[in-house]
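So the structure is just underneath, and the comments pick up after that.
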Amino acid sequence: MTPTTKSDTDAVTFYRQHGWYATEAVLPPELLDRAEEVVEHLDADHRDREIPYTLRDFLSWPVGEPRPTHLNQYIALQYQAMNDLASFPALARTAAVLSESSGARIFNTALIRKRPGAEQQYARVGWHCDKAYWETCSSDRMLTAWVPLQDTTVSMGTLTVLSGSHKWPDIPAVRALREANTFISKDHEALWDQLESLGSSNVPFDLRHIELKRGQVSFHHPLTFHSSGVNLSTTTRNAISVHFQDETNQYRPAVDHNGSPVAYVHDQFVRRLPSGEPDYADPEICPRVWPPVPEPAVAGALPADDRGTPARRTSRP
Numbered sequence: 002m003t004p005t006t007k008s009d010t011d012a013v014t015f016y017r018q019h020g021w022y023a024t025e026a027v028l029p030p031e032l033l034d035r036a037e038e039v040v041e042h043l044d045a046d047h048r049d050r051e052i053p054y055t056l057r058d059f060l061s062w063p064v065g066e067p068r069p070t071h072l073n074q075y076i077a078l079q080y081q082a083m084n085d086l087a088s089f090p091a092l093a094r095t096a097a098v099l100s101e102s103s104g105a106r107i108f109n110t111a112l113i114r115k116r117p118g119a120e121q122q123y124a125r126v127g128w129h130c131d132k133a134y135w136e137t138c139s140s141d142r143m144l145t146a147w148v149p150l151q152d153t154t155v156s157m158g159t160l161t162v163l164s165g166s167h168k169w170p171d172i173p174a175v176r177a178l179r180e181a182n183t184f185i186s187k188d189h190e191a192l193w194d195q196l197e198s199l200g201s202s203n204v205p206f207d208l209r210h211i212e213l214k215r216g217q218v219s220f221h222h223p224l225t226f227h228s229s230g231v232n233l234s235t236t237t238r239n240a241i242s243v244h245f246q247d248e249t250n251q252y253r254p255a256v257d258h259n260g261s262p263v264a265y266v267h268d269q270f271v272r273r274l275p276s277g278e279p280d281y282a283d284p285e286i287c288p289r290v291w292p293p294v295p296e297p298a299v300a301g302a303l304p305a306d307d308r309g310t311p312a313r314r315t316s317r318p
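Every letter in the sequence shown is one number past the one before it in this note's numbering, and letter 293, counting from 1, is 294.
Printed below as a string of structure tokens:
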């Protein structure tokens with residue numbers, strides 16, 4: 002999407018340079034309140050949206066799971082409040098602007114809950130790039146919106162990025178780390194040492210903790226290294242990740258280092274293209290959210306003007 006205002010232009014310029022961008026407060030409190038209500042009742046296993054049967058075993062962490070960080074995938078497919086949050090126009094429009102795309106579709110959504118507690122295994126999210134998990138995606142313009150449901154500080158384990166790392170040179174050491182699936186890491190210190198050692202290769206190294214107020218959103222590039230630390234507060238840190246794809250993204254065959262085929266989780270249940278390949282434009286699983294899909298016409302309704310409000314009928318002079 003071509004920037005249409007100075008603030009759009011400034012946002013795109015910052016994103017291009019740093020590989021991330023934090024908005025002002027753009028999400029209304031009532032939208033976040035509804036999302037928080039869903040989180041409070043997750044243990045009841047109540048869902049108010051129909052989901053593909055093949056997804057059910059993948060959606061939630063097992064009851065009694067001891068790890069301090071819980072990940073609930075496809076959260077917007079399960080709950081209407083989460084769907085409304087992920088597809089909120091201000092969020093979707095920003096995704097299109099920053100990716101410089103004419104439109105935006107959802108690729109996946111996840112609720113990440115980080116319980117309070119001391120340093121322990123799985124208390125941190127490992128340094129990684131989202132692109133490592135999107136090998137079957139053809140586009141390099143995908144991006145992630147990170148949406149905390151509360152004020153989030155360093156002490157709560159907020160999102161941390163290596164600013165500008167999306168522009169690091171494509172040398173073997175960088176490429177190996179970019180392609181690693183290290184969201185869950187058993188040795189954070191070794192992973193950090195690997196990243197830090199790149200500083201001696203004239204790679205710019207700029208660590209940023211992105212502290213956000215409720216209603217703010219942070220976006221990051223698919224090649225931006227990011228992580229989050231231990232939640233040292235007394236409350237659970239809840240955040241939604243919305244992975245956006247631009248309108249050009251489509252499935253492409255991919256193989257891992259051993260030559261084995263790679264598949265994304267929803268490849269097995271999105272609709273198929275005539276070629277038999279997964280369709281990443283499936284309107285049910287990967288809906289278009291920008292430009293907004295028009296609501297079905299209602300008999301007798303007035304057309305909407307460019308502000309989205311009903312147009313007024315005027316009498317002829």
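Note that the Cβ used here is the ideal one computed from N, Cα and C, for glycine as well.
These numbers were taken from a predicted model, which means no experiment stands behind them.
Kindly indicate the opening and closing residues of the beta strand (DSSP E) around Pro173.
First-last for Pro173: 173-179, but that is the alpha helix (DSSP H), not the beta strand (DSSP E).
Supposed contact pair Leu224 and Leu163 - C-beta distance, whole angstroms, cut 8 Å
So it is not a contact: roughly 10 Å between Cβ atoms.
Three or more C-beta pairs below 8 Å linking the region 211-227 and the region 92-109
yes
On the premise that Leu86 lies in contact with Val148, defined as a C-beta separation below 8 Å, what is that separation, rounded to the nearest angstrom?
7 Å
Coil, strand or helix - Val266 by DSSP:
helix
For the region 254-272 against the region 165-179, are there 3 or more C-beta pairs whose distance is under 8 Å?
no
Do you know how far the Cα of Val39 is from the Cα of Ala82?
7 Å
One question on the structure: do Ile211 and Thr161 come within less than 8 Å of each other, judged by their Cβ atoms?
yes
Rounded to the nearest angstrom, how far is the Cβ of Gln251 from that of Arg106, given a contact under 8 Å?
Contact flag wrong, Cβ pair sits at about 11 Å.
Please confirm whether Thr235 and Arg116 have their CB atoms less than 8 Å apart.
no
If you draw a straight line from the C-alpha of Gly277 to the C-alpha of Arg253, how long is it?
12 Å
Do the region 132-152 and the region 186-204 touch if we need at least three Cβ pairs shorter than 8 Å?
no
Indicate whether Ser88 and Gly127 have their beta-carbon atoms separated by less than 8 Å.
no
Use the C-beta contact count for Ser102: other C-beta atoms within 10 angstroms, 16 or more gives buried, fewer gives exposed.
buried
Quick one: what's Tyr22 bridged to in DSSP?
Phe220
Hey, Val294 and Ala146: beta-carbon distance below 8 Å or not?
no
For Thr159 and Ser229, the rounded distance between their alpha carbons:
6 Å
Nearest by alpha-carbon distance to Glu41: which of Met143, Ala181, Leu150 is it?
Leu150
Check whether Leu32 and Ser100 have beta carbons under 8 Å apart:
no
For Thr137, report the span of its beta strand (DSSP E) as first-last.
From DSSP, Thr137 is part of no beta strand (DSSP E); its letter is neither H nor E.
Rounded to the nearest angstrom, how far is the Cβ of Asp283 from that of Arg215, given a contact under 8 Å?
About 32 Å separates the two Cβ atoms, so there is no contact after all.
Would you decide whether Arg142 is buried or exposed? Buried here means 16 or more other CB atoms lie within 10 Å of its CB.
buried
Are Pro262 and Gly104 closer than 8 Å when you measure CB to CB?
no
Determine the DSSP secondary structure at Gly118, reduced to helix, strand or coil.
coil
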